[in-house]
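These notes are about the structure you will find just below.
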Amino acid sequence: MDDSITLGVSACLMGEPVRYDGRDKGDPRVMHRLSGVFRLIPFCPEAQAGLGIPRPPMRLVGDPRSPRLVTVATGQDLTESLITHCTSECIRCTSMQLRGFIFKSRSPSCAVESAPIHDREGAVTAMGSGLWTRAFQQAFPMTVVVEEADLADEQGQRRFVERVLVADRWQKWVDGTVTAHHLTEFHARHKFQIMAHDREAMKSMGRLAAASGAAETLSYGRELFAAMARPDTLERHVDCMMHLFGFLKKRVSSEQKQEFLHLLEACRLGRRSRWEPWSWLRSRAQQHRIRYLLNQWYLFPDPRETQCHPVGPNNGTDSDGRHPKSFTW
Ligand code: SF4
């Protein structure tokens with residue numbers, strides 16, 4: 231089965247010379263790092279809408295809820311040309327199964343909430359999304375959307391990759407192409423991954439999964455996307471690892487318990503990396519073959535999640551390089 235995941239990306243970030251001035255905004259994090267993890271499809275709505283390269287600089291003007299796209303120098307209104315293109319582009323995207331989109335910040339077409347919106351006199355009155363981003367998000371609300379500025383550091387890249395992988399597993403579950411048949415099984419495997427982002431959401435999602443009607447499944451999907459968009463924190467990771475340790479308590483010696491608790495406390499105080507207690511839990515879960523733990527995406531992530539950051543000696547895989555899960559999803 232082809233396991234590759236496809237994302238859209240603003241073409242200028244891929245190094246394509248499509249900007250209004252004929253130049254690019256090639257971003258090495260996108261061009262070199264993320265292109266090694268995902269299949270990236272470039273989009274430039276302004277060039278593809280026939281506005282030309284080069285073209286006059288444009289900006290958003292008017293009501294922040296539905297701004298117009300106008301040229302800076304002459305005030306020519308190009309909104310309809312761009313929106314017509316965006317509508318047909320959204321139809322084209324339907325067959326691409328995009329799980330995410332990396333947009334260019336501050337662009338009147340591509341920004342996510344960072345494009346300046348002006349009044350008729352040219353003063354900035356608000357910040358908002360570009361016209362292409364608005365159309366795309368409306369058409370594909372269950373797609374992970376970021377700007378390149380959100381990927382500035384390894385933490386931002388790791389979070390984005392994690393969200394995309396969860397979105398991909400969710401979509402596969404919705405499409406029925408995974409081995410987990412019941413929503414409770416999906417939730418059980420993601421429980422600690424969600425908890426690292428939002429503990430309360432994890433609990434309420436557990437209730438939705440148990441109810442498992444059509445309306446609850448829809449709400450579950452929405453809550454999953456919202457929870458994963460909240461940043462994970464060290465405090466929540468410590469909480470997760472303490473809970474996971476509970477599954478091992480009766481299997482390990484008192485010396486091993488002390489070893490883990492010291493490691494976790496040092497991690498909580500910022501003296502040790504959080505990957506150390508995490509690695510401890512992984513190796514004990516494997517040693518004792520505790521299926522519930524082996525099935526946790528939190529402890530045994532998709533190897534693509536660790537491609538953007540080294541997480542210790544085995545980089546997320548077993549010593550033989552294989553992912554330790556026994557199931558296909
Ligand atoms: S920001 Fe968007 S519209 Fe502007 S050049 Fe890049 S891809 Fe094209």
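When the letters of the sequence shown are read in order and numbered with the working numbering, they come out as residues 231 to 559.
Backbone N, C-alpha and C fix where the C-beta goes; we use that ideal spot for every residue, glycine too.
Kindly indicate which residue of the options has the alpha-carbon position closest to the one of residue i.
i	options	result
residue 534	295, 391, 461, 260	391
residue 561	309, 295, 294	In the structure displayed, the chain extends from 231 to 559; residue 561 sits before or after that span and is not available.
residue 257	378, 276, 298	378
residue 499	240, 467, 423	467
residue 416	506, 273, 442, 427	442
residue 449	233, 505, 352, 432	432
residue 255	241, 363, 368, 373	241
residue 519	384, 313, 348, 482	482
residue 350	341, 306, 336	306
residue 454	461, 397, 488, 501	397
residue 527	494, 461, 418	418
According to DSSP, what are the bridge partners of residue i?
i	result
residue 348	291, 354
residue 301	288
residue 430	According to DSSP, residue 430 bridges with nothing at all.
residue 240	273
residue 396	The partner list for residue 396 (beta bridge, DSSP) is empty, contrary to what the question assumes.
residue 307	300
residue 374	330
With a 10 Å radius around its C-beta and 16 neighbouring C-beta atoms as the bar for buried, classify residue i as buried or exposed.
i	result
residue 248	buried
residue 334	buried
residue 250	buried
residue 395	buried
residue 425	buried
residue 276	buried
residue 523	buried
residue 531	buried
residue 512	buried
residue 321	exposed
residue 303	exposed
residue 437	exposed
residue 252	exposed
Residue i by DSSP, collapsed to three states: which one?
i	result
residue 333	strand
residue 235	coil
residue 529	coil
residue 405	helix
residue 264	helix
residue 499	coil
residue 250	coil
residue 461	coil
residue 484	helix
residue 366	helix
residue 417	helix
residue 382	coil
residue 561	In the structure as shown, the chain begins at 231 and stops at 559. Residue 561 is therefore absent and cannot be evaluated.
residue 319	helix
residue 518	coil
residue 442	coil
residue 469	helix
residue 283	coil
Mind reading off the beta-carbon distance from residue i to residue j? Whole number of angstroms is fine, and I expect it under 8 Å.
i	j	result
residue 414	residue 444	At roughly 15 Å, the Cβ-Cβ gap does not stay under 8 Å, so residue 414 and residue 444 are not in contact.
residue 361	residue 299	6 Å
residue 235	residue 388	Between residue 388 and residue 235 the Cβ distance is about 15 Å, and since that is not below 8 Å, they are no contact.
residue 490	residue 477	Actually they are not in contact, since the Cβ atoms of residue 490 and residue 477 sit about 12 Å apart, beyond 8 Å.
residue 260	residue 239	6 Å
residue 497	residue 422	About 16 Å separates the two Cβ atoms, so there is no contact after all.
residue 393	residue 459	7 Å
Quick check: is any heavy atom of the ligand HEM less than 7 Å from the C-beta of residue i?
i	result
residue 276	Because the ligand HEM does not appear in the structure shown, any question about it cannot be addressed here, the ligands present being the ligand SF4.
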